[in-house]
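Chains as they are written, first to last, in full-length UniProt numbering: chain A, 1 to 586; chain B, 1 to 295.
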């Protein structure tokens with residue numbers, strides 16, 4: 001390593017760089033000069049790969065030889081809603097095998113929407129002696145057998161988080177494979193599992209881990225077991241209950257209330273499946289300490305919900321079902337002045353009845369936007385909305401950074417004026433200058449996209465469904481929105497013109513998803529041919545696109561920038577458009 | 001960057017002539033798509049026509065569509081006449097608001113007002129559900145895949161325990177995704193059982209979903225396939241007693257599909273498996289035992 005006479009020695013540079021954790025800053029550092037690039041790459045410890053197919057493992061390992069922590073994301077976001085067929089991809093196996101030989105000191109693996117098999121879990125357990133953290137968010141492909149390998153072999157495991165993964169759940173025995181000598185658990189999230197785990201094994205496990213802070217149990221853990229568990233973990237900070245129902249014999253209630261009171265650090269609660277409202281008061285003692293409350297599985301009515309939540313004066317994050325109703329949200333607006341994030345989920349999303357089952361309208365959201373000055377992140381499912389309400393919300397909360405509105409019925413207009421909701425969302429992007437994420441719904445014309453393209457300068461992720469009139473809509477987005485990284489579109493009349501005219505934009509973004517739009521196979525081929533640094537993947541379950549005319553619209557299209565070339569693990573309903581596939585075009 | 005934009009626009013024009021790329025007008029649908037443009041279901045719309053014609057023998061032939069009960073014919077036996085109305089797959093398009101989409105901003109108020117009634121009412125209804133004798137509620141809305149955008153985990157949690165204040169909780173418990181695997185197929189599918197009203201609908205859907213796998217099977221058995229498409233269908237293989245359709249119920253037992261009423265099946269089915277017949281020996285008698293024990 002050549003040393004310039006006029007620059008700092010490596011060790012100093014490395015020490016300085018160690019204070020820089022942000023990936024963007026690290027990337028900037030590496031561009032300053034060759035020597036900085038070299039120093040930086042040897043001391044980078046944490047890697048984030050937002051699209052596992054944008055780069056191949058060997059490239060990462062070659063550039064960054066001393067990584068300790070890796071985060072990978074696989075499938076497109078719409079896979080959460082079953083729009084990506086099974087078998088599409090996102091396999092972590094090649095990464096694990098490559099890292100097993102090159103990163104023996106790897107400590108942390110965080111995966112989102114990837115397929116991980118039991119073999120991978122075994123390989124992880126055997127290859128990384130210092131392995132600390134395994135987070136599998138919305139992953140699939142593994143079973144409780146794989147968890148046995150992790151439990152039995154990872155002596156230094158601190159965090160095991162399976163949030164919302166699909167696990168082949170044979171039984172709960174895997175938990176018993178943590179050896180008696182194992183005491184380093186800090187965080188355990190098994191809320192997605194179905195089977196009962198051995199309660200005695202669980203109690204012993206939590207009892208011998210003095211650093212345990214987070215315990216998210218699964219539905220199968222009954223309420224009357226919680227008190228016992230809690231009594232062994234008085235230092236617990238985050239608790240996810242199992243099913244929150246029982247006959248509530250007086251001693252169960254008092255034990256639970258007592259145990260809860262005893263956990264003085266408890267600031268986050270979740271779980272609450274199958275809630276028996278009579279049991280709720282047991283958690284009242286924690287309310288003033290709570291900063292995070294997830295009641296989104298709790299099917300309890302507004303009065304009980306409101307009574308609980310309005311005691312949580314320090315609440316920062318609330319997830320709840322629409323049973324909270326407008327009245328509950330008003331109470332929250334008055335009591336939870338520190339609220340930063342609100343998510344309201346629908347209790348009856350597929351409801352057939354004309355009358356909604358709950359009284360939750362746009363008014364609830366307006367109230368919260370008025371009362372909670374720190375509110376910056378919203379996910380709201382409702383059945384009616386008006387431009388007036390959206391404009392009010394925008395004016396109240398210019399500090400909004402994430403705004404996701406889902407009006408359940410597609411193409412619903414402003415219920416007061418019957419107009420499209422263009423103006424309302426326009427106000428959101430105009431007033432909320434730091435908006436990073438936006439999801440649209442309701443009746444929308446090309447006009448709303450003009451607003452977004454013009455004003456949403458910080459927008460990084462946009463989700464669009466059943467909106468727009470023509471290619472102009474897509475063109476507005478792609479020609480504006482300087483910071484756009486992820487764009488996902490379904491069921492919109494956007495086609496070839498806007499896509500081809502803005503092809504270069506696609507290289508500045510992580511990915512574009514379009515399904516049930518009007519993009520032709522010919523355009524896909526053209527794009528794939530002309531843009532070698534993009535993978536243009538056509539997903540079509542009707543058979544090879546070649547068997548249909550070029551003008552035929554593709555079912556689904558996923559375009560992402562990559563330095564790894566076309567991937568080799570595609571199933572037979574995915575085709576990559578590249579030079580080879582561009583038959584007939586000169 | 002700008003020059004490549006411009007060159008694309010130029011190329012676009014050139015290519016329009018050279019390759020006759022047809023860029024559809026906004027809101028219009030090219031004939032190949034039918035209303036598949038807005039149909040997010042799993043069904044490849046290209047195969048719809050061949051099913052509707054009815055003269056090709058497929059899965060549905062072995063099914064007694066009229067009674068709603070699925071009679072599974074293993075030896076290629078009875079050719080039951082289809083109840084055309086109740087038996088065949090109808091594409092479920094989602095056409096609401098298409099006229100709105102095409103209005104292009106002019107006369108928007110008029111367009112909107114004129115069709116707003118439609119927005120609430122013209123939900124395309126599942127035609128087959130209207131004919132179901134079991135269902136007492138009004139026909140469910142056609143469910144668009146992935147809408148509203150709620151994760152499977154949440155949907156399945158709610159499906160297992162429907163909202164309490166709901167009188168019709170049983171009928172509309174949302175949706176339930178189950179995995180469908182086929183022995184020998186490289187990957188499995190997920191389907192929403194609640195979108196089907198009968199064994200007939202389920203079988204049609206499975207046929208379309210897995211016909212691409214039977215291509216491989218046909219190749220293996222020496223039937224030539226042209227351009228990846230083949231005349232043989234899933235049911236032909238099933239007729240040939242090579243495969244049977246089985247499911248895992250809530251108790252973890254594997255049962256043959258078709259022996260119990262549809263509602264009972266859809267409420268207890270956790271996953272489906274298209275199994276090789278040789279492995280399915282011994283399933284039938286257990287079904288009998290279970291029925292005895294259940295009631």
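No residue lacks a Cβ here, since even glycine has one placed at the ideal position from N, Cα and C.
Inset, instruction - Sort out for me which residues DSSP pairs residue 406 of chain A with in a bridge. - result: A:381
To the nearest angstrom, how far is it from the Cα of residue 104 of chain A to the Cα of residue 19 of chain A? 24 Å
Assign residue 77 of chain B to one of two classes, buried (16 or more other C-beta atoms within 10 Å of its C-beta) or exposed (fewer than that). Low confidence applies here, because residue 77 of chain B scores a pLDDT of 35, under 50, leaving its location unreliable and the question unanswered by this model.
Decide if residue 218 of chain A is buried, meaning its Cβ has at least 16 other Cβ atoms within 10 Å, or exposed.
buried
Helix, strand or coil for residue 400 of chain A per DSSP?
-> coil
Checklist entry - Does the beta-carbon of residue 249 of chain A have 16 or more other beta-carbons within 10 angstroms, so that it is buried, or is it exposed? => result exposed
inquiry  = In whole angstroms, give me the CA-to-CA distance for residue 573 of chain A and residue 66 of chain A.
reply    = 38 Å
Could you tell me the distance, in whole angstroms, from the CA atom of residue 71 of chain A to the CA atom of residue 280 of chain B? 43 Å
Among B:185, B:243 and B:204, which residue has its Cα nearest to the Cα of residue 193 of chain B?
B:204
Check your understanding: Quick one: complete beta strand (DSSP E) runs, 3+ long, within the segment 223-303 of chain A?
Key -> 238-240, 268-270 and 292-295
Exercise. Hey, residue 318 of chain A and residue 339 of chain A are a contact pair by Cβ (cut 8 Å); roughly how many whole angstroms apart?
Worked result: 6 Å
Quiz item: With distances taken between CB atoms, is the gap from residue 270 of chain A to residue 241 of chain A smaller than 9 Å?
Solution: yes
Are the C-beta of residue 145 of chain B and some C-beta of chain A separated by less than 9 Å?
yes
* To do: Please state whether DSSP places residue 314 of chain A in a helix, a strand or coil.
  => coil
*Within 10 angstroms of its Cβ, does residue 396 of chain A collect 16 or more other Cβ (buried), or is it exposed?*
buried
*asked:* For residue 288 of chain A, count the other beta carbons within 10 Å of its own beta carbon; 16 or more makes it buried, fewer makes it exposed. Which is it?
replied: exposed
Item to complete: Taking a Cβ distance cut-off of 8 Å, strictly less, list which residues of the segment 388-415 of chain A are near chain B, in chain order.
Response: 406, 408, 409, 410, 411, 412 and 413
Worksheet item: Do you know offhand how far residue 388 of chain A's Cα is from residue 525 of chain A's?
Response: 44 Å
Leaving aside the five residues before and after residue 51 of chain A along the sequence, list all residues of the same chain whose C-beta is less than 7 Å from its C-beta, in chain order. 73, 510, 511 and 560
For residue 461 of chain A and residue 436 of chain A, the rounded distance between their alpha carbons: 6 Å
Task: Neighbourhood of residue 310 of chain A by C-beta distance below 6 Å, restricted to the same chain and skipping five residues each side - done: 331 and 335
TODO: Report yes or no: is there a C-beta of chain B within less than 9 Å of the C-beta of residue 297 of chain A?
DONE: yes
Next on the checklist: With a threshold of 6 Å on Cβ separation, who are the neighbours of residue 276 of chain A within its own chain once the five nearest residues in sequence on each side are excluded?
Outcome noted: 245
**Prompt:** Does any CB atom of chain B fall closer than 9 Å to the CB of residue 465 of chain A?
**Reply:** yes
Measuring only between beta-carbons, confirm whether residue 333 of chain B sits less than 9 Å from chain A.
Nothing can be reported for residue 333 of chain B, as the shown portion of chain B is limited to 1 through 295.
request  = Report the neighbours of residue 272 of chain B on chain A: residues whose CB is nearer than 8 Å to its CB, in chain order.
outcome  = Simply none; closest approach about 13 Å.
Quiz prompt | Whole runs of the beta strand (DSSP E) within the segment 469-552 of chain A, excluding any shorter than 3 residues | solution = 486-490, 511-515 and 534-539
- Message: Contact criterion: CB-CB distance below 9 Å. Does residue 250 of chain B meet it with respect to chain A?
- Response: no
**Other residues of its chain near residue 283 of chain A: CB distance less than 7 Å, five sequence neighbours each side excluded** = 260 and 269
query = What span of residues does the beta strand (DSSP E) with residue 576 of chain A cover, start to end?
reply = 574-577
Q. Nearest chain A C-beta to residue 278 of chain B closer than 9 Å, yes or no?
A. no
Helix, strand or coil at residue 129 of chain A according to DSSP, with G and I counted as helix
coil
I need the DSSP call for residue 141 of chain A, collapsed to helix, strand or coil.
strand
What does residue 199 of chain B reach in chain A if we use C-beta pairs closer than 9 Å?
-> The premise fails here: residue 199 of chain B is roughly 22 Å from chain A at the closest Cβ pair, so nothing lies under 9 Å.
Original post:
Are the segment 148-155 of chain B and the segment 33-46 of chain A touching by the rule of at least three beta carbon pairs closer than 8 Å?
Top reply: no
_What would DSSP say about residue 66 of chain A, mapped onto helix, strand or coil?_
coil
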